[in-house]
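A.B. asks: Encoded as structure tokens, here's the structure I'll be asking about.
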Amino acid sequence: MTYGISSSLRANDNFSLDTSSPGDTTILDTTLSFGLLKETQVDRLEFDLDGIVRLGEVPGRTETIEFDDPNAAFAYTRDGANSNFSTDARINQVDLNFDDPLRIQDQLNSQSLIIDDGTRTTSRANVRFETGINDPLGYGFALNYFDERYTDTTDPGLFDNNTFRSDIFATFQFSPVTSGRLSYVYTDYDGDEAIQEERETNEVVFDLAYELDAATVLDTFLGYREINETDNTGALQDDQAGLVYGAVLTRDMPNGTASIGFDSDIATTGRRTNADISRSLIMPRGTLDASLGATKGPSGDIDPIYALDYTYLLPRSAFTASLSRVFRNDSQGNDIRVTRGSLSYLIDINAISSVDFTAGYAAVDDAGGNTVTNTDNTTLRATYTRALNADWNISAGYEYRNRFEQGVGTAQSNEIFLTLDRIFVVQR
Numbered sequence: 000m001t002y003g004i005s006s007s008l009r010a011n012d013n014f015s016l017d018t019s020s021p022g023d024t025t026i027l028d029t030t031l032s033f034g035l036l037k038e039t040q041v042d043r044l045e046f047d048l049d050g051i052v053r054l055g056e057v058p059g060r061t062e063t064i065e066f067d068d069p070n071a072a073f074a075y076t077r078d079g080a081n082s083n084f085s086t087d088a089r090i091n092q093v094d095l096n097f098d099d100p101l102r103i104q105d106q107l108n109s110q111s112l113i114i115d116d117g118t119r120t121t122s123r124a125n126v127r128f129e130t131g132i133n134d135p136l137g138y139g140f141a142l143n144y145f146d147e148r149y150t151d152t153t154d155p156g157l158f159d160n161n162t163f164r165s166d167i168f169a170t171f172q173f174s175p176v177t178s179g180r181l182s183y184v185y186t187d188y189d190g191d192e193a194i195q196e197e198r199e200t201n202e203v204v205f206d207l208a209y210e211l212d213a214a215t216v217l218d219t220f221l222g223y224r225e226i227n228e229t230d231n232t233g234a235l236q237d238d239q240a241g242l243v244y245g246a247v248l249t250r251d252m253p254n255g256t257a258s259i260g261f262d263s264d265i266a267t268t269g270r271r272t273n274a275d276i277s278r279s280l281i282m283p284r285g286t287l288d289a290s291l292g293a294t295k296g297p298s299g300d301i302d303p304i305y306a307l308d309y310t311y312l313l314p315r316s317a318f319t320a321s322l323s324r325v326f327r328n329d330s331q332g333n334d335i336r337v338t339r340g341s342l343s344y345l346i347d348i349n350a351i352s353s354v355d356f357t358a359g360y361a362a363v364d365d366a367g368g369n370t371v372t373n374t375d376n377t378t379l380r381a382t383y384t385r386a387l388n389a390d391w392n393i394s395a396g397y398e399y400r401n402r403f404e405q406g407v408g409t410a411q412s413n414e415i416f417l418t419l420d421r422i423f424v425v426q427r
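Taking numbering that gives the first Met the number 0, the leading residue of the sequence shown gets 0, the next gets one more, and so forth.
Below, the structure written as structure tokens:
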């Protein structure tokens, strides 16, 4: 079992990132956490709880003490000789005034960079079972549920929604070098915006993997997808249907891998086709993963897509960099372009102290449907950390944030912070 406590004092000149600052904000956050891990040779159980006791002096609000951002997570996996089972669930509530999408969200969508008051509560649950892993014929299923609820918000782009997804599949080992997977996927999406959008997706896909030789693998898929989208006005009666397909050829190299691939699928806005080449390098002091390609969306435009992840390690420092651009249809049915970038340089001053410089950038732009407001966020951060003893750490630093929203303008903020934290580990 682990127990954690972290207290952070922050002073910010425009915490809400308004185009005109309403005044200075001072916040004292004390994060309390609990974690339980139980592991055997065949199964693993995890349980986590955390939340923030927040004291804030915010312009336009009375000074209060609140318990914010409660989070609970559960995960269980069990591996048998010829099967595996996993399930997990999580519920998380976030005060949107204190949300930072650059730190929290792995995949941005059209709602991610919206700033508003209120809270967002997300619930997730997943179950997966597979048997016949080592047999010529196997089968299994996966169920996924996601629910997002907003309270006391004003932006119409923030609305309740939920998605249910089921995947029933069979696996085939045709030969030592050829394997396949046949799956049927059903997805149901409900949005609680003004028009009450509903979307059902049915999909049948067959995947085939073939080892051409000891170093080369060809992965292909072919399927059929049907999407039916309606709303409560009767004006939205959008049906999309067609083949989905793709292939990737991957070859092991002496210092990594190289691959070339393409894919084409159907979404609510129409067909999108991607093609790219990629290279992964393992170097004496780091790694490099890079890809470059092009995408053609429903509008007919051809745009570049790319991804770069680089790590360089020295005895007393580490440098990482990442950059990516993708085009996709998000869970709300919007065609978007997402651009992300990050830099980090960590320097160990001595055995007990270090300095970390980081930069982050994220932009969500409309990709042809004129349904998304173009928005970008930039964060620059410098942090000094020192171990006071074996249990306690102290850190202090400065953070700069900049936000641009089309039709609204640019906002920026400056913040200084001081954090004291400790993790307690209890062996039982």
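Using N, Cα and C, we set each Cβ at its ideal position, and we do this for glycine too. Computed from a prediction, not measured in an experiment: that's the story for all the values here.
What are the start and end residues of the beta strand (DSSP E) that includes residue 280?
C.D. replies: Counting along the chain, the beta strand (DSSP E) containing residue 280 begins and ends at 269-282.
A.B. asks: Taking its Cβ as the centre, do 16 or more other Cβ atoms sit within 10 Å of residue 402, making it buried, or is it exposed?
C.D. replies: It counts as buried.
A.B. asks: For residue 143, collect the residues of the same chain with a Cβ closer than 7 Å to its Cβ; drop the 5 residues on either side in sequence, then sort them by chain order.
C.D. replies: The answer, listed in chain order, is 125 and 164.
A.B. asks: Using the rule of at least 16 other Cβ atoms within 10 Å of the residue's Cβ for burial, across every protein chain shown, is residue 79 buried or exposed?
C.D. replies: Classification for residue 79: exposed.
A.B. asks: Would you identify the three-state DSSP class for residue 95, choosing helix, strand or coil?
C.D. replies: Residue state, collapsed to three classes: helix.
A.B. asks: How would you label residue 40, buried or exposed, when you count the other beta carbons within 10 angstroms and need 16 or more for buried?
C.D. replies: Looking at its Cβ environment, which holds fewer than 16 other Cβ atoms inside 10 Å, residue 40 is exposed.
A.B. asks: What did DSSP end up calling residue 303 once you bin it into helix, strand or coil?
C.D. replies: Strand.
A.B. asks: Any idea what DSSP makes of residue 0, helix, strand or coil?
C.D. replies: Note: residue 0 maps to coil in three-state DSSP.
A.B. asks: Is residue 230 helix, strand or coil by DSSP?
C.D. replies: Reduced to three states, the DSSP call for residue 230 is coil.
A.B. asks: Enumerated in chain order, which unbroken segments of the alpha helix (DSSP H) with a length of 4 residues or greater are wholly contained in the stretch 118-189?
C.D. replies: For the stretch 118-189, not a single whole alpha helix (DSSP H) run of length 4 or above is found.
A.B. asks: Going by beta-carbon coordinates alone, are residue 94 and residue 63 separated by less than 8 Å?
C.D. replies: Going by C-beta atoms, residue 94 is not nearer than 8 Å to residue 63.
A.B. asks: Using 10 angstroms around the beta-carbon of residue 254, count the other beta-carbons present and answer buried if the total reaches 16, otherwise exposed.
C.D. replies: Exposed is the call here.
A.B. asks: With distance defined between alpha-carbon atoms, name the residue in 54, 50 and 58 nearest to residue 21.
C.D. replies: Nearest of 54, 50 and 58 to residue 21, Cα basis: 58.
A.B. asks: Am I right that residue 417 and residue 395 are in contact with their C-beta atoms under 8 Å? What's the rounded C-beta distance?
C.D. replies: Correct: roughly 5 Å between the Cβ atoms.
A.B. asks: Could you check whether residue 0 and residue 35 sit closer than 8 Å to each other, using their CB atoms as the reference points?
C.D. replies: Against a cut-off of 8 Å, the Cβ pair of residue 0 and residue 35 comes out as a contact.
A.B. asks: Between the stretch 275-295 and the stretch 337-346, do three or more beta carbon pairs fall short of 8 Å?
C.D. replies: Cβ pair count under 8 Å is below three, so no.
A.B. asks: Relative to the alpha-carbon of residue 24, which residue among 409, 61, 266 and 169 has its alpha-carbon at the smallest distance?
C.D. replies: It is 61 whose Cα lies nearest to the Cα of residue 24.
A.B. asks: Where do the N-terminal and C-terminal ends of the beta strand (DSSP E) with residue 394 fall, by residue?
C.D. replies: Unbroken beta strand (DSSP E) run through residue 394: 391-404.
A.B. asks: Nearest-angstrom Cα distance between residue 261 and residue 279?
C.D. replies: Those two C-alpha atoms are separated by around 18 Å.
A.B. asks: Taking all protein chains shown into account, decide if residue 384 is buried (16 or more other Cβ within 10 angstroms of its Cβ) or exposed.
C.D. replies: Under this definition residue 384 is a buried residue.
A.B. asks: Using three-state DSSP, classify residue 314 as helix, strand or coil.
C.D. replies: Coil.
A.B. asks: So which of 219, 238, 218 and 85 has the shortest CA-CA distance to residue 227?
C.D. replies: That would be 238, whose Cα lies nearest to the Cα of residue 227.
A.B. asks: Need the endpoints of the beta strand (DSSP E) that residue 19 sits in, please.
C.D. replies: First-last for residue 19: undefined, no H or E at that position.
A.B. asks: In whole angstroms, what is the alpha-carbon distance linking residue 224 and residue 241?
C.D. replies: The straight-line gap from Cα to Cα measures roughly 6 Å.
A.B. asks: Who does residue 408 pair with in a DSSP beta bridge?
C.D. replies: For residue 408, which the question treats as bridged, DSSP gives the partners 404.
A.B. asks: What are the boundary residues of the beta strand (DSSP E) that includes residue 385?
C.D. replies: Taken as a continuous stretch (DSSP letters only), the beta strand (DSSP E) holding residue 385 covers 374-386.
A.B. asks: By the DSSP assignment, the beta strand (DSSP E) with residue 201 in it spans what residues?
C.D. replies: Residue 201 -> beta strand (DSSP E) spans 197-212.
A.B. asks: Within the same chain, show all residues whose beta-carbon is closer than 6 Å to that of residue 357, passing over the 5 residues directly before and after it, in chain order.
C.D. replies: Taken in chain order, the residues that qualify are 343 and 380.
A.B. asks: Taking the CB atoms as reference points, tell me whether residue 112 and residue 400 lie closer together than 8 Å.
C.D. replies: Going by C-beta atoms, residue 112 is not nearer than 8 Å to residue 400.
A.B. asks: Secondary structure at residue 12, three-state DSSP: helix, strand or coil?
C.D. replies: DSSP places residue 12 in coil when its eight states are reduced to three.
A.B. asks: Could you give the distance in angstroms between the alpha-carbon of residue 231 and the alpha-carbon of residue 198?
C.D. replies: Approximately 12 Å between the Cα atoms of the pair.
A.B. asks: Just to check my reading of the structure: residue 372 and residue 408 have Cβ atoms closer than 8 Å, yes? What is that Cβ distance to the nearest angstrom?
C.D. replies: Actually they do not touch by this definition, with Cβ atoms about 12 Å apart.
A.B. asks: Residue 398 to residue 269, Cα distance in whole Å?
C.D. replies: Whole-angstrom Cα-Cα distance: 41 Å.
A.B. asks: Within 8 Å, do at least three Cβ pairs link the stretch 148-161 to the stretch 132-139?
C.D. replies: Output reads no: the stretch 148-161 does not touch the stretch 132-139.
A.B. asks: Buried or exposed for residue 2, going by 16 or more other Cβ atoms inside 10 Å?
C.D. replies: Exposed.
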